[in-house]
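Everything on this sheet refers to the single structure shown next.
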Amino acid sequence: MQLTFHGHACVTLALPGAQPDAQPGDTGTLVIDPGTFADTTTALAGARAVLITHDHFDHVDAAAVVTHLTAAPDTQVWATGPAASALREAGVPADRVHEVTPGEVLDVAGARVVVGGGEHALIHREIPRAVNVTYLVEVDGGSVYHPGDSFDAPAALPEGGLDVLLVPVSAPWLKTGEFIDFARSVPARVVVPIHDVFLSEIGHGAVARWLDTARLGGDYTYRRLAVGESLTV
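Reminder that position 203 of the sequence shown reads as 203 in my numbering, one-by-one numbering, no gaps.
This is the structure we're talking about:
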């Protein structure tokens, strides 16, 4: 399986085989959180399924999703209730967006997806917390965990642990100690930073030092991906 980073919180995962109506150049991918800070044009090209963790604009660009679904009538979307409502209001047909709740296990275009989480991380006590779900995606024996805007760990892990743990590293709701603890507490072969649009190159360097296993321990490889760069899972 190929994981590709498309900026901020958006990644794509290669799906097991193209659909019968695939067009030349289609990649057959599952897209997670194509938000306004990401390269949604590239991320959604060839997408067969879209997963949305919550309804904040940096995780779902409703206009981009509508444009893609108009051109790709077989693509389906899975999202939280508020995100699904926002997509319907933007023009997504009701029968193509599916509301998810924690505890569900989905078959999404050949991928096994376990839905977890429930609440967005606390930004401030006076700011209502959004509904936020997490996705544990398993494709062709590989596993990737996307926590959305939370540090909620998976309820259960694949045997042997995760292949890739996506770790938010910069946000109004985030403390450095939280992403360090998250990376160290969830067994994974590779840790990939996401939610990073707020970081300068100096900030990225600091994150890399903090998540370096030689400094803080942990049994994983830290791998920052540039926009458009892929990792074999």
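C-beta: ideal position from N, C-alpha, C; glycine also. Source: prediction; values computed, not measured.
Any idea what DSSP makes of residue i, helix, strand or coil?
{"i": "Trp247", "result": "Because the chain is modelled from 1 through 233, residue 247 falls outside the range shown and cannot be assessed."}
{"i": "Ser170", "result": "coil"}
{"i": "Ser200", "result": "coil"}
{"i": "His6", "result": "coil"}
{"i": "Asp163", "result": "strand"}
{"i": "His195", "result": "coil"}
{"i": "Val190", "result": "strand"}
{"i": "Val50", "result": "strand"}
{"i": "Leu44", "result": "helix"}
{"i": "Val31", "result": "strand"}
Could you check if residue i is buried or exposed, using at least 16 other CB atoms within 10 Å of its CB as the buried criterion?
{"i": "Glu126", "result": "exposed"}
{"i": "Ser150", "result": "buried"}
{"i": "Thr101", "result": "exposed"}
{"i": "Ala156", "result": "exposed"}
{"i": "Pro154", "result": "buried"}
{"i": "Gly91", "result": "exposed"}
{"i": "Ile202", "result": "exposed"}
{"i": "Leu122", "result": "exposed"}
{"i": "Pro73", "result": "exposed"}
{"i": "Thr75", "result": "buried"}
If you drop the 5 nearest sequence neighbours on each side, which residues of the same chain put their C-beta closer than 7 angstroms to that of residue i?
{"i": "Thr176", "result": "Trp210"}
{"i": "Glu178", "result": "Phe151"}
{"i": "Leu15", "result": "Gly28, Thr29, Leu30, Arg48, Ala109, Gly110, Ala111, Val139"}
{"i": "Val97", "result": "Val77, Ala79, Ala84, Leu87, Arg88"}
{"i": "Ser307", "result": "It is not possible to answer for residue 307, since the shown part of the chain is limited to 1 through 233."}
{"i": "Val227", "result": "Phe5, His6, Gly7, Asp39"}
{"i": "Pro20", "result": "Here Pro20 scores only 45 on pLDDT, less than 50, and its place in the model is too uncertain to base an answer on."}
{"i": "Gln23", "result": "The predicted model places Gln23 with a pLDDT of 46, which falls under 50 and marks its position as unreliable, so this point remains unresolved."}
Between which residues of its own chain and residue i is the CB-CB distance below 8 angstroms, once the five residues before and five after are set aside?
{"i": "Asp212", "result": "Tyr222"}
{"i": "Ala188", "result": "Tyr145, Gly161, Leu162, Asp163, Val164, Leu165, Tyr220"}
{"i": "Phe198", "result": "Ser170, Ala171"}
{"i": "Thr42", "result": "His6, Gly228"}
Given residue i, which residues of its chain have a CB within under 6 angstroms of its CB, disregarding the five upstream and five downstream residues?
{"i": "Val114", "result": "Val105, Leu136"}
{"i": "Asp196", "result": "Val169, Ser170"}
{"i": "His146", "result": "Ile32, Tyr135, Leu166"}
Go through the region 107-158 residue by residue and report every complete run of the beta strand (DSSP E) that reaches 3 residues or more, in order.
Counting only runs of 3 or more residues that sit fully inside the region 107-158, the beta strand (DSSP E) segments are 111-119, 131-139, 142-146, in chain order.
Touch test, the region 167-186 against the region 29-41, Cβ-Cβ under 8 angstroms, three pairs minimum
The answer is no - the region 29-41 does not touch the region 167-186, with fewer than three Cβ pairs under 8 angstroms.
Below 8 angstroms, how does it come out for the region 49-66 and the region 83-100: are there three or more Cβ pairs, yes or no?
Segment contact: the region 49-66 against the region 83-100, three or more CB-CB distances shorter than 8 angstroms; contact assigned.
Note down, one range per segment and in chain order, each beta strand (DSSP E) of at least 3 residues found wholly within the region 57-103.
Runs found: 76-79, 97-99.
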